[in-house]
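Novice: Using the numbering used here, the first residue of the sequence shown is number 16, and each one after it goes up by one. Every residue, glycine too, gets a C-beta built ideally from N, C-alpha and C. Take this structure, written in structure tokens, and hold onto it; I'll ask about it next.
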Amino acid sequence: MIEKNKKRHSTQLGYWNSNKLYCSQPMDLLFLAYADHHKNLPAIQQEANTVYSLLTPGVAQGCYSIHPDRTATVDTIGEYLNRFRDNIFLFHYSGHAGDDIFHLEGEGARAEGIAHLLGQCPKLKLVILNRCSTVGQVRLLRKAGVEATIIATHAPVDDIAAMRFAYGFYKAFAGGDTVEKAFEQGIGAALMGSSISVHRSIDLENPPIEDNTPLWGIFTMPGNQGEEIKLPGVQQLHFAPLPSPGFFFGREKELSAITRQLAYNQASAISISGGPGIGKSALCLAALHEQETAQRFGARRFFVSCEGSASANDLMIEIAKSLGVLSGAKLGERIGNSQQKEQELEERIWNSLQRGPALLAIDNAETTLVNDPSGLESLLKRLAGLPELALILTIRGEELPIGLAWKERFSLEPLDEDASSKVFLAIAEARFSGDPALPELLHELEGLPLAIVLMASQAVGEPDLRHLLARWKQQKTELLKRGAEGDRSTNIAVSIELSLESPRMTSSGLRVFRLLGQLPDGIAVSDLEQLASGDGLEGAKILATIGLARYSSQRLSALAPIREYASAKYTPDEKDWERLMIHYLTIVEKGEGILDTGGDKILAQITEELGNICRILDITLEDEATIGFKAALELGEFIRSCGLGDTSLLRKALEKARELNDRNVEAHLLSGLGDIAFVKSDYPDAESLLKEALPLYEQLKDILGQANCLRNLGEIAFLQSGHDTAAVLLEQALALYEQTEDINSKAYCLRSLGDMAFFRSDYKKARHLLGRALELFEQEEDVLGKANCLSRLVPSALNYAR
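As structure tokens, then:
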């Protein structure tokens, strides 16, 4: 392990570490300084990583050294500008600044002082001041004797636009272009995502286009051909540029482990697996762009996609392209199909990879694995035999090629809430950070990175997220795409279908996938065989293998965007649906015994399956209302008994009953909703619902229904100190209970009348009523009812005796 602040010695690579400079020989220096003083530039570290990565190949070739100061302070900038003034070729600053100040980490620095130090650098050819309003510093630099070409901005530039400018500029500059050409590339990259203007001048006489207009300016001294400057020693570097990881947040633990493995181990084989859209490629690319990775491998970091590689030979061609050992135009005639040509290609690849430490990332390896497993495994074994080659494989699903000694295996989980929010806000806009709909919107996506990225792209231009959330609830996965068709990275449906079309998919896997689309809580492993009629365990294994489902706590489930897609496009067949309906609606029937012996087990089962029960009930209310009504009433009894769940489905059932003019169900649902409101102490709502139910029971001549409504209305009146009203209502209820065989309800009504008499200090009447109630509770073996009666009878008797 390399100790912090110590040099890593190399005969080839000169670079600065986080605190000290190590150069194998004196050479031109590129000083890259970054400061986020106000902590509001989320893209600045991505810019730092990108610029460093683009410049590293020149370091590997011995063209120059670089020093990235990621948290620049007055002390660090002053120290390095002074100590290495004779070697500084380029000074780059990105962060907050003004015409006469740099807002560094912790404090500000006078621009005049930094200009003076830069004036002492004889090799200085280029100064870049990115992001904030820095054009005023051009005069200070010229006054200090700086003749270098200067790129500055007139007004603050959007954080993302500044990052894009830096990417476009340094990609061209590191590739051998002049400052002028690189400047144009930077402007082009920034223009693609922002509304900006450009100002070019060799002096400061021309006024800006207008105040507060974001623009970049390039300023040169007359006659010194500053626009023609190139990086020292660079003619035209031929390296395969790495794709950007994009907006990458979270996964700190995985990223750190991968980077550590790559940076400090001679050879490594690392796998990154997971379902569609989980962020495998992004994590891989983030690791490739990490500073420690770039320092070890320089330009010898290669990223190869298997998307079109159906065979190991196809993959070798893609690797050859990335290494630059064969041009794409000549591949057909150079490779052919002969074994001799394949051997020639492999020799070229091996010769290139053995020239020094190299990192080869193979993305979407499942494409080759399912079509040519033995060929891929053989190729990977041969690659793993190279002593200085590090391998990273990303693969959809959990099935890995066999035969490799994997140093690390990472099976990716969904992003947590914080990382999900950061990804969303980086792509949408920071103004949504306090939007009240954001937490619910992210909760709906369950941490699936691709879904978050696509949803965030839909948020651009929206006044708030309320309408976007409503669109999601209506359109679901139809919303998760960019453009008309798209590919796996821009359309969630395309990404999911790639997994469904995998040769590994089977009829049993598809059958379980259809079931999962209806079940937000997933399926208990113990229920798989019953629900999928013998295909459950095998189908579940297939789905987990290809990444469409995952096991957790003895359950199989799919993430929400995948589940919603299954629900919309892959509904179960009639027999499987009937099996689902019977299974989950039977569970809710058990809610009636929630207070009996063994009630804890029933409560746990219903709670675990409540989301599934509600989903099945929701569909059943539309398709088979009679069955749905019965289940809705049973669900209401469960909610009343234990206080779990909400009443939205009961209210939907109520509307359906009214639509079908089913007065009996309507009355029971109103009464049930009133009971739930009562136990939740929402007395106004409870009273309103019960008063609405009572006349329906009267029309139906339902004596018990009337009695229950009157008793609960009496209880509500009593709790709100309407004792006279309560007494009348409870007496009416008792008279009706006398006409029924519901002894238990009659007992509770008597107990309530006894309680009322007790609170009115009518202890004789209280003792009489509570005594009658106690007899009925004993008859019904209601232990709780007996206890409640006795708690009043004893003090009633004592008070009456006085």
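Relative to the C-alpha of Leu391, which residue among Ile377, Leu404, Glu730, Pro402 is closest?
Specialist: Indexing the sequence shown from 1 puts residue 391 at position 376. Here the closest residue by C-alpha is Ile377.
Novice: Is Pro260 buried or exposed, if buried means 16 or more other CB atoms sit within 10 Å of its CB?
Specialist: What you label residue 260 is simply residue 245 of the sequence shown in a count that begins at 1. Buried is the call here.
Novice: Closest by CA to Pro2, which one among Ile417, Asn366, Ser426?
Specialist: Summary: the structure shown does not reach residue 2, with the chain confined to residues 16 through 817, and so no result is reported for it.
Novice: Kindly give me the distance between the Cβ atoms of Ala788 and Cys804, rounded to whole angstroms, as I take these residues to be in contact under 8 Å.
Specialist: Residue mapping note: residue 788 aligns to position 773 of the sequence shown, counting from 1. Residue mapping note: residue 804 aligns to position 789 of the sequence shown, counting from 1. The Cβ separation is near 5 Å, so the contact holds.
Novice: What number of angstroms, rounded off, separates the C-alpha of Ile731 from the C-alpha of Glu702?
Specialist: By one-based count along the sequence shown, residue 731 stands at place 716. By one-based count along the sequence shown, residue 702 stands at place 687. Approximately 7 Å, taken between the alpha carbons.
Novice: Could you name each continuous alpha helix (DSSP H) segment of 4 residues or more that falls completely within the segment 53–127, going from the start of the chain to the end?
Specialist: Runs found: 59–75, 89–98.
Novice: Here's the rule I'm using: 16 or more other beta-carbon atoms within 10 Å means buried, otherwise exposed. How should Arg424 be labelled?
Specialist: Reading the sequence shown from its first residue, position 409 is the one you call residue 424. Under the 10 Å beta carbon count, Arg424 is surrounded by fewer than 16 other beta carbons and is classified as exposed.
Novice: In the structure shown, what three-state DSSP assignment does Val820 receive?
Specialist: This structure does not reach residue 820, given that the chain is present from 16 up to 817, and the question cannot be answered.
Novice: Please say whether Lys605 and Phe644 have beta carbons closer to each other than 9 Å?
Specialist: For this step, residue 644 is matched to residue 629 along the sequence shown. For this step, residue 605 is matched to residue 590 along the sequence shown. In this structure, Lys605 does not lie closer than 9 Å to Phe644 by Cβ.
Novice: Using a Cβ-Cβ cutoff of less than 7 Å, which residues in the same chain neighbour Ala583 once the five nearest sequence positions on both sides are dropped?
Specialist: As a first step, residue 583 must be located in the sequence shown, where it is residue number 568. The answer, listed in chain order, is Lys491, Thr492.
Novice: Using the Cβ count rule (16 or more neighbours within 10 Å means buried), how would you classify Gly343?
Specialist: Counted from its first residue, the sequence shown places residue 343 at position 328. Low confidence applies here, because Gly343 scores a pLDDT of 41, under 50, leaving its location unreliable; read the following figure in that light. Under this definition Gly343 is an exposed residue.
Novice: Would Ile410 and Leu303 qualify as a contact pair, given that the criterion is a beta-carbon distance under 9 Å?
Specialist: What you label residue 410 is simply residue 395 of the sequence shown in a count that begins at 1. What you label residue 303 is simply residue 288 of the sequence shown in a count that begins at 1. Contact flag unset, no.
Novice: Please report how far the alpha carbon of Gln40 lies from the alpha carbon of Thr383, in whole angstroms.
Specialist: Your numbering for residue 40 matches position 25 in the sequence shown. Your numbering for residue 383 matches position 368 in the sequence shown. Residue confidence is low: Gln40 scores 40 on pLDDT, short of 50, so the model does not pin down where it sits. Its coordinate-derived value is still stated next. If I take the Cα positions, the gap works out to 45 Å.
Novice: Can you list, in chain order, the residues of its chain whose CB lies under 7 Å from that of Trp78, leaving out five sequence neighbours each side?
Specialist: Counting from one through the sequence shown, the residue named residue 78 turns up at place 63. At residue 78 the sequence reads Cys, which differs from the Trp that was named. Exclusion of the five residues before and after Cys78 leaves Leu246, Pro247, Gly248, Val249 as the residues of its chain whose Cβ lies within less than 7 Å of its Cβ.
Novice: Let me know the alpha helix (DSSP H) ranges lying completely inside the segment 734–798, each 4 residues or longer, listed in chain order.
Specialist: 738–752, 758–774, 778–795
Novice: In or out: Asp84 buried (at least 16 other Cβ within 10 Å) or exposed?
Specialist: Against the sequence shown, residue 84 aligns to sequence position 69. Buried.
Novice: Going by beta carbon distance, what residues of the same chain come within less than 6 Å of Asn221, once the five residues before and after it are set aside?
Specialist: As a working mapping, residue 221 is identified with position 206 in the sequence shown. Low local confidence applies: a pLDDT of 46 at Asn221 is under 50, so the model's placement there is unreliable, with the coordinate-based value given in what follows. Setting aside the 5 residues that flank it on each side, Asn221 has no residue in the same chain whose C-beta is closer than 6 Å to its C-beta.
Novice: From what residue to what residue does the alpha helix (DSSP H) around Thr560 run?
Specialist: Counting from one through the sequence shown, the residue named residue 560 turns up at place 545. 551–561 is the span of the alpha helix (DSSP H), which, as asked, contains Thr560.
Novice: Starting from the N-terminal side, write out each stretch of the alpha helix (DSSP H) that is 4 residues or longer and does not extend beyond the segment 148–206.
Specialist: 152–158, 174–189, 194–206
Novice: Among residues of its own chain, excluding the 5 on either side of Gly134, which ones have a beta-carbon nearer than 7 Å to its beta-carbon?
Specialist: For the purposes of this step, residue 134 is taken as residue 119 along the sequence shown, with counting starting at 1. Once the five neighbours on either side are set aside, the close Cβ partners of Gly134 are Ala159, Gly160, Val161.
Novice: Give the DSSP bridge partners of Ala373, in chain order.
Specialist: Within the sequence shown, the letter at position 358 stands for residue 373. Answer is Leu404.
Novice: Please state whether the Cβ-Cβ distance between Pro291 and Gly562 is less than 9 Å.
Specialist: Translated into positions along the sequence shown, residue 291 becomes position 276. Translated into positions along the sequence shown, residue 562 becomes position 547. Their beta carbons are under 9 Å apart, which means Pro291 touches Gly562 by this criterion.
Novice: Which runs of the alpha helix (DSSP H) fall wholly inside the segment 596–664 and span at least 4 residues, in chain order?
Specialist: 614–638, 640–657
Novice: Take the Cβ of Glu753 as the centre, count every other Cβ of all protein chains shown within 10 Å, and call the residue buried at 16 or more, exposed below.
Specialist: Taking the first residue of the sequence shown as position 1, residue 753 is located at position 738. By the neighbour-count rule (16 or more Cβ atoms within 10 Å), Glu753 is not buried but exposed.
Novice: Are three or more beta carbon pairs between the segment 317–329 and the segment 440–458 nearer than 8 Å?
Specialist: Here the segment 317–329 does not lie against the segment 440–458, with fewer than 3 beta-carbon pairs under 8 Å apart.
Novice: So His111 and Cys147 are supposed to be a Cβ contact under 8 Å. How far apart are they, rounded?
Specialist: Here residue 111 refers to the residue found at position 96 when the sequence shown is read from its first residue. Here residue 147 refers to the residue found at position 132 when the sequence shown is read from its first residue. Right, their Cβ atoms sit about 5 Å apart.
Novice: By Cβ distance, which residues of its chain are closer than 6 Å to Val680, with the 5 residues on each side in sequence left out?
Specialist: As a position in the sequence shown, residue 680 is number 665, starting the count at 1. Taken in chain order, the residues that qualify are Phe644, Ala672.
Novice: Just confirm the distance between the C-beta atoms of Gly651 and Ile602, as a whole number of angstroms; I'd bet it's less than 8 Å.
Specialist: Here residue 651 corresponds to residue number 636 of the sequence shown, with the count starting at 1. Here residue 602 corresponds to residue number 587 of the sequence shown, with the count starting at 1. At roughly 15 Å, the Cβ-Cβ gap does not stay under 8 Å, so Gly651 and Ile602 are not in contact.
Novice: The beta strand (DSSP E) that contains Trp487, what's its start and end?
Specialist: Stepping through the sequence shown from its first residue, residue 487 is reached at position 472. Counting along the chain, Trp487 falls outside any beta strand (DSSP E), though it belongs to the alpha helix (DSSP H) covering 481–490.
Novice: For Arg215 and Gly203, I'd like the C-alpha separation in whole angstroms.
Specialist: As a first step, residue 215 is located in the sequence shown; it is residue number 200 there, counting from the start. As a first step, residue 203 is located in the sequence shown; it is residue number 188 there, counting from the start. Note on Arg215: pLDDT 46, under 50, position unreliable in the model; the coordinate value appears next. Answer to the nearest angstrom: the Cα atoms are 15 Å apart.
Novice: Taking contact to mean at least 3 C-beta pairs separated by less than 8 Å, is the segment 530–549 in contact with the segment 327–336?
Specialist: Touching, no, given that fewer than three Cβ pairs across the two stretches are closer than 8 Å.
Novice: By how many angstroms is the C-alpha of Ile103 removed from the C-alpha of Leu219?
Specialist: By one-based count along the sequence shown, residue 219 stands at place 204. By one-based count along the sequence shown, residue 103 stands at place 88. Annotation note: pLDDT 48 at Leu219 (below 50); position unreliable, coordinate value reported separately. Leu219 and Ile103: Cα-Cα distance of roughly 25 Å.
Novice: So, are the CB atoms of Arg807 and Leu791 less than 9 Å apart?
Specialist: Sequence index remark: in the sequence shown, residue 807 carries index 792 (1-based). Sequence index remark: in the sequence shown, residue 791 carries index 776 (1-based). In this structure, Leu791 does not lie closer than 9 Å to Arg807 by Cβ.
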